[in-house]
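Okay, so the sequence shown: first residue is 3 according to the working numbering, each after it adds one.
Have a look at the structure below, then the notes.
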Amino acid sequence: MSAEERLQKLESLVLEGPSKDEASASVEALLDVLLCLYQECLLSALRREKNVIEFLDWVRRFSCDREYRSGDNNDPCFENERSTSTEEIGNAM
Numbered sequence: 003m004s005a006e007e008r009l010q011k012l013e014s015l016v017l018e019g020p021s022k023d024e025a026s027a028s029v030e031a032l033l034d035v036l037l038c039l040y041q042e043c044l045l046s047a048l049r050r051e052k053n054v055i056e057f058l059d060w061v062r063r064f065s066c067d068r069e070y071r072s073g074d075n076n077d078p079c080f081e082n083e084r085s086t087s088t089e090e091i092g093n094a095m
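Okay, structure coming up:
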């Protein structure tokens, strides 16, 4: 199966949603697999290879990886930390 055919099949899965057969995957499952592969590549010796580096950089934009993110107050990845720190400040007073 060519890359174009795989892309079309993936697009149809995302647009049509999971079907009743067991061969389909939800968007959440695909994201879980993507982040799992990201973590495995990040921790392996392969992370120094060019293609793996490009993959890690690409996926890092979608993850809440502290080393990549700026910690900007508007970043949704740090929303829980903002609410916790605000509560701690309020409780300390």
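Every residue gets a Cβ at the ideal spot worked out from N, C-alpha and C, and that includes glycine.
query                                                                                                                                                        : result
Do you know whose CA, among Arg63, Leu15, Arg50 and Ala47, lies nearest Glu30's CA?                                                                          : Leu15
Figure out for me which residue from Phe64, Ser28 and Gln41 has the closest Cα to the Cα of Val54.                                                           : Gln41
For the alpha helix (DSSP H) containing Asn51, list its first residue and its last residue.                                                                  : Note that residue 51 is Glu in the sequence shown, not Asn. Neither: Glu51 is in no alpha helix (DSSP H) and is coded neither H nor E.
Under a three-way DSSP split, which group does Phe64 fall into?                                                                                              : coil
Can you look up Cys38 in the DSSP assignment and give me helix, strand or coil?                                                                              : helix
Taking the alpha carbon of Val61 as the point to measure from, which residue in Leu36, Leu45, Arg49 and Glu7 has its own alpha carbon closest?               : Leu36
Roughly how far, in whole angstroms, is the beta-carbon of Leu45 from the beta-carbon of Leu58, given that I think they are within contact range, below 8 Å? : In fact, because the Cβ distance is near 11 Å, the residues do not count as touching under 8 Å.
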